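Single-structure report; data block below.
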Amino acid sequence: MKNTIVVVDDDPIIRMDIREMLEEEAYTVVGEAKNGQEAIELVAKLKPDLVIMDVKMPVMNGIKASQIIRKMQDTAVLLLTAYSQKELVQDARQAGVTAYLVKPVSEADLIPAVEIALSQKAKMDELKKDIEQLKQTLEERKLIERAKGMIMKAFDLDEDEAYQKLRKLSMTERVSLPQLAVRLLEEGLGAIT
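In this text, residue positions in the sequence shown follow the numbering used here: the first is 18, and each later residue adds one.
In structure tokens, the structure reads:
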């Protein structure tokens with residue numbers, strides 16, 4: 018399944034053109050909005066992979082909406098604008114925008130920018146997943162170290178002997194080392210003697 022996209026522009030003709038370009042490439046446009054406030058509401062509801070959004074719009078501009086969207090969730094944002102001023106580009110970067118295109122936008126420009134934005138999002142998602150996994154591994158390691166310290170103190174063992182005792186008990190009980198460590202820390206040494 019291709020990624021899901023929300024298109025945001027105050028000009029309905031531009032929204033329609035962008036939708037057609039995306040759908041020709043088998044992307045799923047799940048929603049359209051005419052200003053930044055509507056974009057925020059749609060993104061919260063639909064959780065698309067990418068938002069393609071104009072900068073200059075009524076109610077709330079694309080830069081402000083991008084800041085809010087990026088804080089809410091990990092949706093990539095590709096900004097479209099008729100202006101290429103350095104200040105706008107800086108504001109877009111600070112808002113966490115993934116890509117930036119100057120209007121008028123052709124399919125030859127849009128589709129590669131969409132691919133790059135989605136690729137960057139996928140990389141960020143993978144990095145966040147890796148970070149969460151590393152955090153969990155570190156927390157488990159800390160629990161095991163604390164349990165090992167309890168065993169060292171209680172049985173007058175060195176570090177390696179205490180670890181081997183934990184491993185052996187883990188295999189005997191058929192539980193993972195982190196699960197055993199939690200049990201020891203919660204129930205005390207009575208859990209193994």
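We put the beta carbon where it would ideally sit given N, CA and C, even for glycine.
These figures come from a predicted structure and were not determined experimentally.
Counting along the chain, where does the alpha helix (DSSP H) carrying ASP108 start and finish? That run of the alpha helix (DSSP H) goes 103–111.
Using the DSSP secondary-structure output, state which residues sit across from LEU201 in a beta bridge. Partner(s): none; LEU201 has no beta bridge.
Within the chosen definition, does the stretch 21–31 reach the stretch 54–65 through at least 3 CB pairs nearer than 8 Å? The way I'd put it, the stretch 21–31 does touch the stretch 54–65; three or more beta-carbon pairs between them come closer than 8 Å.
What are the partner residues of MET70, as DSSP defines its beta bridges? DSSP lists VAL25, LEU96 as the beta-bridge partner residues of MET70.
Mapping the DSSP letters down to three states, classify TYR180 as helix, strand or coil. Per DSSP, reduced to three states, the secondary structure at TYR180 is helical.
Mind checking whether ILE161 and LEU144 have CB atoms under 8 Å apart? No, the Cβ-Cβ distance between ILE161 and LEU144 is not below 8 Å.
CA-to-CA distance, GLY79 to ASP71, given in whole angstroms: Rounded to the nearest angstrom, the two C-alpha atoms are 6 Å apart.
Assigned exposure category for SER136 - 16 Cβ within 10 Å defines buried: Exposed, by the Cβ-count rule.
Can you check DSSP and say which residues form a bridge with ALA50? The partner list for ALA50 (beta bridge, DSSP) reads VAL25.
Ordered along the chain, which non-local residues of its own chain (more than five positions away) have a Cβ less than 8 Å from that of LEU95? Closer than 8 Å at the Cβ level, and outside the excluded window around LEU95, lie LEU67, VAL68, ILE69, MET70, VAL114, THR115, ALA116, TYR117, LEU118, ALA130, VAL131, ALA134.
Taking the Cβ atom as the reference point for each residue, do LEU197 and GLU203 lie within a distance shorter than 8 Å? No, they are not a contact pair.
Return the residue from the list GLN84, GLN102, ALA125, ASP126 that minimises the CA-CA distance to ALA112. Nearest C-alpha to ALA112: GLN84.
Suppose contacts are defined by Cβ-Cβ distances below 8 Å. Is LEU39 in contact with VAL47 by that definition? The beta carbons of LEU39 and VAL47 sit no closer together than 8 Å.
Hey, would you say ALA56 sits closer than 8 Å to ILE86, going by beta carbons? The Cβ atoms of ALA56 and ILE86 lie closer than 8 Å to each other.
Any idea if GLU49 is buried or exposed, counting beta-carbon neighbours within 10 angstroms, 16 or more meaning buried? Around the beta carbon of GLU49, 16 or more other beta carbons sit within 10 angstroms, so the residue counts as buried.
Thinking just about the alpha-carbon of each residue, which of LYS19, ILE35, PRO29 is nearest to the one in ALA125? Cα-wise, what sits closest to ALA125 is ILE35.
Secondary structure of ALA116, DSSP reduced to three states: The answer is strand: DSSP assigns ALA116 an E or B state.
Based on the DSSP output, what are the partners of THR45 in its beta bridges? Under DSSP, the beta-bridge partners assigned to THR45 are THR21.
Best match in ALA139, ALA99, ASN52 for proximity to VAL122 [C-alpha to C-alpha]: For the residues ALA139, ALA99, ASN52, the minimum Cα distance to VAL122 belongs to ALA99.
When the Cα atoms are used, what is the spatial distance from GLN54 to ALA109? For GLN54 and ALA109, the distance between alpha carbons rounds to 17 Å.
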